[in-house]
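**Q** Input: one structure, supplied below.
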Amino acid sequence: MITIELSDDEVDMLIHMLKSKQSIAEATPTVNSILSKIRNQITDKMFSKPSATERILDKLKDYGVK
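In structure tokens form, the structure reads like this:
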């Protein structure tokens, strides 16, 4: 799971876009900047090295610890 960090205003703008059934192609520059921020955060998190805690938890799962 990837957690995306957005401000309340950014979330409100995205919700408004979805409710108005606005396509991404018609999105305002502000919404495009929010979508770019989301894309960058996902890319950063997909290619970042797992933290020590994540590596330990993964190793524990290998041993059957939940």
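The sequence shown begins at 261 in this note's numbering and counts up one residue at a time. Where is the CB? At the ideal position from N, CA and C, for every residue including glycine.
Which residue comes first and which comes last in the alpha helix (DSSP H) that contains Gln301?
**A** In the sequence shown, residue 301 corresponds to position 41, counting from 1. Gln301 -> alpha helix (DSSP H) spans Pro289 to Phe307.
**Q** With distances taken from CA atoms, which of Met273, Asp304, Lys279 and Ser280 is nearest Pro289?
**A** Within the sequence shown, numbered from 1, the residue matching residue 289 stands at position 29. Among Met273, Asp304, Lys279 and Ser280, the Cα nearest to that of Pro289 belongs to Met273.
**Q** Quick check on Val325: does DSSP put it in helix, strand or coil?
**A** Stepping through the sequence shown from its first residue, residue 325 is reached at position 65. Val325 falls in the coil class under three-state DSSP.
**Q** Please classify Ile302 as buried or exposed, where buried requires at least 16 neighbouring CB atoms within 10 angstroms.
**A** Stepping through the sequence shown from its first residue, residue 302 is reached at position 42. Counting Cβ neighbours within 10 Å, Ile302 comes out exposed, since fewer than 16 surround it.
**Q** If the criterion is Cβ atoms closer than 7 angstroms, does the pair Ile294 and Glu270 meet it?
**A** To locate residue 294, count along the sequence shown from 1; it is residue 34. To locate residue 270, count along the sequence shown from 1; it is residue 10. Yes. Within cutoff.
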